[in-house]
Amino acid sequence: MKTMTKPRDRLRIAVQKSGRLSESSQDLLGRCGLKFRQSRDKLFCFGESMPIDLLLVRDDDIPGLIAQGVCELGIVGRNVSAEQVLEGGPGSVAPFAELRELGFGRCRLSIAVPQEEAYEGPQNLAGRRIATSYPNLLRDYLSQNGVEADIVVLNGSVEIAPRLGTADLICDLVSSGATLIANQLREVVSIMDSQAVLIGAPQDYADERTELRELLLRRIDGVIRVRETKLVLLQVSRAQLGAVLAALPKGDPPSVSRLEAPADTLSVQAICHEAINWQHMEDLKRAGATQLVVLPVEKMLA
Ligand code: ATP
Ligand code: ZN
């Protein structure tokens with residue numbers, strides 16, 4: 004379906020009103036310099052710092068709002084966007100495209116069976132009743148594995164279906180796995196990895212919106228880049244410098260300077276573009292680094 008929209012000089016972004024993605028979505032846009040004034044009904048946020056407004060809705064409605072031309076951009080889990088892309092059927096052109104991975108809301112769509120049940124592979128799914136809110140993604144997985152099963156579509160509380168007897172197994176979103184354990188279920192196969200993504204209409208607009216979208220994308224790229232960026236400070240003896248530099252996570256060329264004292268000790272300062280975990284820290288220490296400090300970077304303009 005294609006709807007003609009009137010020229011607009013403001014951009015609209017649809018985000019989840021309340022749920023797992025709400026806070027991180029608004030936080031990301033805030034870091035891009037967007038400030039909003041919320042309407043009394045809390046459904047619309049007027050952009051005060053830039054001509055970019057927010058629509059606060061249920062996540063499932065976001066792809067449709069973009070397809071209808073009501074919003075230009077939206078933030079949803081890939082599970083939701085991929086499910087709705089498949090809704091169009093084989094060969095259909097999706098009315099929106101995935102523009103960026105946003106790195107939050109990570110989870111996976113997995114099949115889980117009652118704890119005591121054996122599972123050897125997809126063949127064990129044949130003829131079973133599988134409860135899910137993602138029938139298209141599940142159907143796709145089953146057909147790729149040449150298995151026929153009975154898909155029971157539920158819009159919530161999927162995890163209790165086996166206990167209620169409305170299904171034998173489930174296919175649902177999992178992050179920590181705690182909900183599955185609480186319902187005596189066991190995750191046996193993950194059929195898709197998901198995270199929040201920015202989706203948008205694939206076309207350009209003949210008005211200000213194209214430029215606004217590009218500006219926002221550039222800022223989002225900057226925010227994502229900085230999120231993983233760390234400033235690493237450390238000291239090392241001249242003899243061990245090579246080993247320490249080799250152990251540094253990927254980043255810009257480090258700067259190395261000489262300390263006043265002790266003699267032969269160097270100070271290293273490096274911008275790293277990877278998340279730095281304890282393993283990295285221990286590797287650096289083993290290579291000879293001392294006084295190791297890792298600091299977050301707030302903004303960067305190279
Ligand atoms: P809405 O009222 O907007 O329809 P919802 O109940 O469908 O909300 P949430 O439970 O808030 O949605 O989940 C939103 C998204 O968060 C999911 O679509 C998924 O991409 C992501 N997510 C991350 N971890 C999990 C998890 N453990 N369970 C469910 N969703 C998760
Ligand atoms: Zn939803």
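Take any residue in the sequence shown, count from 1 to its spot, add 3: that is its number in the working numbering. Ideal Cβ positions, reconstructed from N, Cα and C, are used throughout, including at glycine. Given the structure is predicted, the values throughout are model-derived calculations rather than measurements.
**Q.** Coil, strand or helix - Gly33 by DSSP
**A.** As a first step, residue 33 must be located in the sequence shown, where it is residue number 30. Here Gly33 sits in helix by DSSP.
Q. Under three-state DSSP, which class holds Asp62?
A. As a working note, residue 62 is residue 59 in the sequence shown. In the structure shown, Asp62 sits in a helix (DSSP, three-state: H, G or I).
Q: Put Gly67 into one of helix, strand or coil per three-state DSSP.
A: Here residue 67 refers to the residue found at position 64 when the sequence shown is read from its first residue. Three-state result, Gly67: helix.
**Q.** For Val177, the residue or residues it bridges with in DSSP
**A.** One-based indexing of the sequence shown puts residue 177 at position 174. Per DSSP, Arg111.
Q.
Counting C-beta neighbours from all protein chains within 10 Å, is the total for Thr232 16 or more, i.e. buried, or is it exposed?
A. The count along the sequence shown starts at 1 and reaches residue 232 at position 229. With 16 or more other Cβ atoms within 10 Å, it is buried.
Q. Measuring CA to CA, which of Gly33, Asp56 and Val96 is closest to Ala70?
A. One-based indexing of the sequence shown puts residue 70 at position 67. Nearest option by C-alpha distance: Val96.
Q.
Let me confirm a value: Ile184 is counted as buried when at least 16 other C-beta atoms fall within 10 Å, else exposed. Which label applies?
A. On the sequence shown, residue 184 is found 181 positions in, with the first residue counted as 1. That one is exposed.
Q. How about Val83: is its Cβ closer than 8 Å to a heavy atom in the ligand ZN?
A. Position 80 of the sequence shown holds residue 83. Correct: Val83 has its Cβ closer than 8 Å to the ligand ZN.
Q: Check whether the Cβ of Cys110 sits closer than 8 Å to any heavy atom of the ligand ATP, and report yes or no.
A: Position 107 of the sequence shown holds residue 110. Yes, Cβ of Cys110 sits closer than 8 Å to a heavy atom of the ligand ATP.
Q. Are the CB atoms of Leu237 and Ala292 nearer to each other than 9 Å?
A. The count along the sequence shown starts at 1 and reaches residue 237 at position 234. The count along the sequence shown starts at 1 and reaches residue 292 at position 289. Taking C-beta atoms as the reference points, Leu237 and Ala292 count as a pair closer than 9 Å.
(Q) With H, G and I counted as helix, E and B as strand and the rest as coil, what does DSSP make of Gly168? (A) Walking along the sequence shown from the start, residue 168 turns up at place 165. Coil at Gly168, not helix or strand.
Q: Let me have the residue list for the ligand ZN: C-beta closer than 6 Å to any non-hydrogen atom, ordered along the chain.
A: For the ligand ZN, the selected residues are Arg61, Asp62 and Asp63.
(Q) In the DSSP output, what is Ser240 paired with across the bridge? (A) Within the sequence shown, residue 240 is the residue found at index 237, counting from 1. Its beta-bridge partners are Thr268.
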